[in-house]
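Student:
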Amino acid sequence: MALALDSFLTSPSLTRLREHSIVVKLGGSIQDDPAQLALVARDVALMHAVGARVIVVHGGGKAISAAMTAAGLPVRFVAGQRYTDAATLRVAERVLARAVNPQLVSLINDAGANALGLHSLGACVLSAHRTTDTGKPGDPPVDLGLVGRVPIEGVAHELLNALTRDAIVPVVAPIAIDLDPDAPEPAKLNVNADLAAGTVASAVNAHRFIMVSDTRGVRRDPKDPATAFASLSRSEINPLIASGVIDGGMLPKLQGCLAALSGGCDRVCIVDGRTPLATLAAALDHPDTPGTWIHE
Numbered sequence: 017m018a019l020a021l022d023s024f025l026t027s028p029s030l031t032r033l034r035e036h037s038i039v040v041k042l043g044g045s046i047q048d049d050p051a052q053l054a055l056v057a058r059d060v061a062l063m064h065a066v067g068a069r070v071i072v073v074h075g076g077g078k079a080i081s082a083a084m085t086a087a088g089l090p091v092r093f094v095a096g097q098r099y100t101d102a103a104t105l106r107v108a109e110r111v112l113a114r115a116v117n118p119q120l121v122s123l124i125n126d127a128g129a130n131a132l133g134l135h136s137l138g139a140c141v142l143s144a145h146r147t148t149d150t151g152k153p154g155d156p157p158v159d160l161g162l163v164g165r166v167p168i169e170g171v172a173h174e175l176l177n178a179l180t181r182d183a184i185v186p187v188v189a190p191i192a193i194d195l196d197p198d199a200p201e202p203a204k205l206n207v208n209a210d211l212a213a214g215t216v217a218s219a220v221n222a223h224r225f226i227m228v229s230d231t232r233g234v235r236r237d238p239k240d241p242a243t244a245f246a247s248l249s250r251s252e253i254n255p256l257i258a259s260g261v262i263d264g265g266m267l268p269k270l271q272g273c274l275a276a277l278s279g280g281c282d283r284v285c286i287v288d289g290r291t292p293l294a295t296l297a298a299a300l301d302h303p304d305t306p307g308t309w310i311h312e
């Protein structure tokens, strides 16, 4: 596979992105590599430059885990979601709002776009209900702590759409305001970034939803890159979840993709962000996009 920047810049298909709403979810180990992160930021800036209306939702899992370990706090995941007590929430909020979000905003701005950080220590655009859902059909409720699920009405979609119409790239961190009026202070919930991003894509009626991670899509055997699926339908995904092929961190990724599809998103892809230009390739439906296309 060869993805060349010059071929994208001269491609007529690039101009077709004008006025298209594109939600990019950024996560995985590429967030720990400034060079790889800068390449994704460049892709975002290129889409923005031709008039696409881009929204970025990011995670920060490894940075949060490192900060928790440094603070002597246990790191625990349940069905791919971080168990969150009050101490974990404080660390997650600090890392996301004070470290990860500003870094990403700076990289996108350096690449030539106009990005704005949106997070729970400033302007928060997400609200959530506390959840006990593992995401696996038939599973009993589990205690996830202060973990939330964002409903479609919990996304400040009018604000996000207004910002993108004004040629601003919103960069959203996934700590949400608790919708329970009786919730104790700080009345915030940790939200899985994959799930939040899928709901954002649905709420803003995105044309494209691109899940950028450190894996080449969905694999039948997680240890074997050669088993990656080129595409998966909703009807194919559910049996893979039931059989355990899709589990752990891939489970919320697929749930986020399905949420975007439910909202009418035209094209959904999980791409390997370690490959230069992968994000731009997914936006342009390039046949050599390194990932898995998700469809109805």
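Going by this note's numbering, the first residue of the sequence shown is number 17, and it counts up by one from there. Yeah, the Cβ is synthetic: ideal placement off N, Cα and C, and Gly gets one too.
What residue does the beta strand (DSSP E) around Cys285 start on, and which one ends it?
Tutor: Start and end: 283-288.
Student: Am I right that Thr180 and Val70 are in contact with their C-beta atoms under 8 Å? What's the rounded C-beta distance?
Tutor: Sure, about 7 Å apart at Cβ, within 8 Å.
Student: Gly67 and Arg34 - do their beta-carbons sit closer together than 8 Å?
Tutor: It is a contact, given that the beta carbons lie within the stated cut-off.
Student: So, do the segment 115-133 and the segment 230-240 have three or more beta carbon pairs nearer to each other than 8 Å?
Tutor: No, because fewer than three Cβ pairs between the segment 115-133 and the segment 230-240 fall closer than 8 Å, the two stretches do not touch.
Student: The beta strand (DSSP E) spanning Arg224 covers which residue range?
Tutor: From DSSP, the beta strand (DSSP E) with Arg224 extends over 224-229.
Student: Taking buried to mean at least 16 other C-beta atoms within 10 Å of its own C-beta, is Phe93 buried or exposed?
Tutor: By the neighbour-count rule (16 or more Cβ atoms within 10 Å), Phe93 is not buried but exposed.
Student: Based on Cα-Cα distance, which residue from Gly170, Trp309, Asp155, Ser259 lies nearest to Val228?
Tutor: When only C-alpha atoms are compared, the closest one is Trp309.
Student: State the Cα-Cα distance for the pair Val56 and Ala102, rounded to the nearest angstrom.
Tutor: Taking the straight line from one Cα to the other gives about 32 Å.
Student: Determine contact between the segment 179-198 and the segment 251-262, defined as no fewer than three beta-carbon pairs at a distance below 8 Å.
Tutor: At 8 Å Cβ cutoff, the stretches do not touch.
Student: Look at the alpha carbon of Ile46 and the alpha carbon of Asp155, and state the distance between them as a whole number of angstroms.
Tutor: Their backbone Cα atoms lie some 32 Å apart in a straight line.
Student: How about Pro190: is its C-beta nearer than 8 Å to some C-beta of chain B?
Tutor: As a matter of chain content, chain B is missing from the structure shown, which is built from one protein chain.
Student: Strictly by DSSP, which residues pair up with Phe10?
Tutor: The displayed coordinates of the chain run from 17 to 312. Any statement about residue 10 would go beyond what the structure contains.
Student: Which residue comes first and which comes last in the beta strand (DSSP E) that contains Ile38?
Tutor: Where Ile38 is concerned, the enclosing beta strand (DSSP E) stretches over 37-42.
Student: Strictly by DSSP, which residues pair up with Arg106?
Tutor: DSSP lists no partner for Arg106.
Student: Throw me the rounded Cβ distance for the Thr39 and Ala222 pair, which I believe falls under 8 Å.
Tutor: What sits at residue 39 in the sequence shown is Val, not Thr. The pair is a contact, with the Cβ atoms about 5 Å apart (cut-off 8 Å).
Student: Since Asn117 contacts Val185 with CB under 8 Å, what's their CB separation in whole angstroms?
Tutor: The Cβ separation is near 12 Å, so there is no contact.
Student: Along the chain, where does the alpha helix (DSSP H) containing Thr308 start, and where does it finish?
Tutor: It is not in any alpha helix (DSSP H) - Thr308 instead sits in the beta strand (DSSP E) that spans 307-311.
Student: Rounded to whole angstroms, what's the CA-CA distance from Pro241 to Val287? Just pull it up for me.
Tutor: Straight-line Cα distance between these residues: approximately 13 Å.
Student: Suppose the cutoff is 7 Å on Cβ atoms and the five residues either side in sequence are ignored; what does the same chain contact list for Pro306 look like?
Tutor: So the qualifying residues of the chain are Met17, Arg232, Val287, Asp288, Thr291, Ala294.
Student: What's the call for Thr243, buried or exposed, on a 16-neighbour Cβ count within 10 Å?
Tutor: Flag for Thr243 reads exposed.
Student: Here's the rule: buried if 16 or more other CB atoms are within 10 angstroms of the residue's CB, otherwise exposed. What is Arg114?
Tutor: So Arg114 counts as exposed.
Student: Look at the alpha carbon of Leu175 and the alpha carbon of Gly128, and state the distance between them as a whole number of angstroms.
Tutor: Rounded to the nearest angstrom, the two C-alpha atoms are 22 Å apart.
Student: Comparing C-alpha positions only, which one of Arg106, Pro90, Ala54 sits nearest to Glu201?
Tutor: Out of Arg106, Pro90, Ala54, Arg106 has the C-alpha closest to the C-alpha of Glu201.
Student: CA-CA distance, Asp301 and Leu267?
Tutor: Those two C-alpha atoms are separated by around 24 Å.
Student: Does Ser143 pass the burial test, meaning 16 or more other C-beta atoms within 10 Å, or should it be called exposed?
Tutor: Label assigned to Ser143: buried.
Student: Who are the near neighbours of Asp282 in its chain, counting only those whose CB is closer than 8 Å to its CB and skipping five residues on each side?
Tutor: The residues are His223, Arg224.
Student: Alpha carbon to alpha carbon, what distance is there between Val166 and Asp126?
Tutor: Taking the straight line from one Cα to the other gives about 31 Å.
Student: Considering only the beta carbon of each residue, do Gly264 and Gly96 sit closer than 8 Å?
Tutor: Yes.
Student: So what does Ser143 bridge to, in DSSP terms?
Tutor: DSSP lists Ile193 as partners of Ser143.
Student: Can you give me the C-alpha to C-alpha distance between Cys285 and Leu277, rounded to a whole angstrom?
Tutor: One C-alpha to the other measures close to 11 Å.
Student: Go ahead and label Pro157 buried or exposed: buried means 16 or more other beta carbons lie within 10 angstroms of its beta carbon, across all protein chains shown.
Tutor: So Pro157 ends up on the exposed side.
Student: According to DSSP, simplified to helix, strand and coil, what is Lys152?
Tutor: Coil.
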